[in-house]
Amino acid sequence: MGDIPEPLIEQRADPCIYRHTDGYYYFTASVPQYDRVELRRAKTIEGLASAQTRSVWRKGAGGPCPELIRAPEIHFSGGAWYVYFAAAPSREPRGRLSRHRIYAIRNASANPLAGEWEFMGQVDTGNDTSCLDAATFTHKGQLYGLWAQQHGGADGSANLYIAPMATPWQVGGAPVMLSRPEFDWECRGLPVNEAPSVLKKHGRIFIGYSAGATGHDQAMGLLWAGEDADLLDPASWTKSREPVLQAGDGHATHGPGHTGFTVAEDGSTVLLVYHARTYTEIDGDPLWNPDRHTFVKPLRWCDDGMPDFARPAVA
Numbered sequence: 001m002g003d004i005p006e007p008l009i010e011q012r013a014d015p016c017i018y019r020h021t022d023g024y025y026y027f028t029a030s031v032p033q034y035d036r037v038e039l040r041r042a043k044t045i046e047g048l049a050s051a052q053t054r055s056v057w058r059k060g061a062g063g064p065c066p067e068l069i070r071a072p073e074i075h076f077s078g079g080a081w082y083v084y085f086a087a088a089p090s091r092e093p094r095g096r097l098s099r100h101r102i103y104a105i106r107n108a109s110a111n112p113l114a115g116e117w118e119f120m121g122q123v124d125t126g127n128d129t130s131c132l133d134a135a136t137f138t139h140k141g142q143l144y145g146l147w148a149q150q151h152g153g154a155d156g157s158a159n160l161y162i163a164p165m166a167t168p169w170q171v172g173g174a175p176v177m178l179s180r181p182e183f184d185w186e187c188r189g190l191p192v193n194e195a196p197s198v199l200k201k202h203g204r205i206f207i208g209y210s211a212g213a214t215g216h217d218q219a220m221g222l223l224w225a226g227e228d229a230d231l232l233d234p235a236s237w238t239k240s241r242e243p244v245l246q247a248g249d250g251h252a253t254h255g256p257g258h259t260g261f262t263v264a265e266d267g268s269t270v271l272l273v274y275h276a277r278t279y280t281e282i283d284g285d286p287l288w289n290p291d292r293h294t295f296v297k298p299l300r301w302c303d304d305g306m307p308d309f310a311r312p313a314v315a
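Per my numbering, the very first residue in the sequence shown carries number 1; after that it's consecutive.
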């Protein structure tokens, strides 16, 4: 994990690494074929690279939207494992609009690579437009959901939303928009805010997210609120006016996106999990280019308690 990181896992976009109380790291990500949900686990971060995989859900396995399975997230809540993923009825978009909806599967086994996965159905966000990149987190006893959703405009814009959850697969209150693409760096290729992920540190709740389309100039943004703030009040959140990580920030990577967080084996060092490419020339739709790789690197912290994504130094 030096100044110019090597991929941890090649050809795995939209990565999610979850460290559980059993001492294992659990990994999932989009596969290039967008045809399944795949899991692996290991005792160390580096061990994930060579760990055996299990396909826990495949297109056509159930539900009304069996195609284009993207951006799975694994979480543990209420004594069970959940994977959230997005899927569409076909591989054909409607203009600049995708057709994804969010779905959840559940496994009550101690090891989610064993046992059976149950289809919990669509996570109804209350707005019947394309949505993806669902994640959940608990704060002060309340489970919250985060996701990205197109607002219905013809330009394909996607915003970030938060809502209280009644169950890990059911939204329990009105969604609140936290962020929309408004700066130039959030509108490269497409005006998109997506892939939210939560980090709690130094008295703040941080939400990292991706901005722009899936090409080489995708970038990361950041929202934050105080840990005692009303997380459902948009006024509680501050948004960085500049990207916190983008191509050229001291890395030989391009299009860093799909922000995620985990913790190192020492139990304290926060690790940034993201995807990126090692080159810029892409033929055709960048979404179908398989060379978005999973990267992991330590976060550095500034004196004011804010994370520094760009400088790859240890904590």
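Don't be surprised by glycine CBs; every beta carbon is placed ideally from N, CA and C.
For clarity, every value in this text was computed on a predicted model and none was experimentally measured.
In the three-state reduction of the DSSP assignment, P32 falls in the coil class. Here S90 is exposed, its C-beta having fewer than 16 other C-beta atoms within 10 Å. Three or more Cβ pairs closer than 8 Å define a contact, and the region 161-178 meets that threshold against the region 121-140. CA-to-CA, the gap between A13 and T28 works out to about 9 Å. In the displayed model, P298 falls within a strand according to three-state DSSP.
Burial is judged here by how many other beta carbons sit within 10 angstroms of a residue's own beta carbon; N159 has at least 16 and is buried. In the three-state reduction of the DSSP assignment, W185 falls in the helix class, which pools H, G and I.
Residue environment for A148: buried (at least 16 other C-beta atoms within 10 angstroms of its C-beta). In the three-state scheme derived from DSSP, where H, G and I count as helix and E and B as strand, W117 is classed as coil. C-alpha of A71 to C-alpha of Y34: approximately 9 Å in a straight line. Contact holds between the region 182-200 and the region 128-144, because three or more Cβ pairs, one in each stretch, are under 8 Å apart.
Excluding sequence positions up to five before and after Y25, its CB lies within less than 8 Å of the CB of I17, Y18, R19, R41, A42, K43, T44, I45, G47, L48, T262, all in the same chain and listed in chain order.
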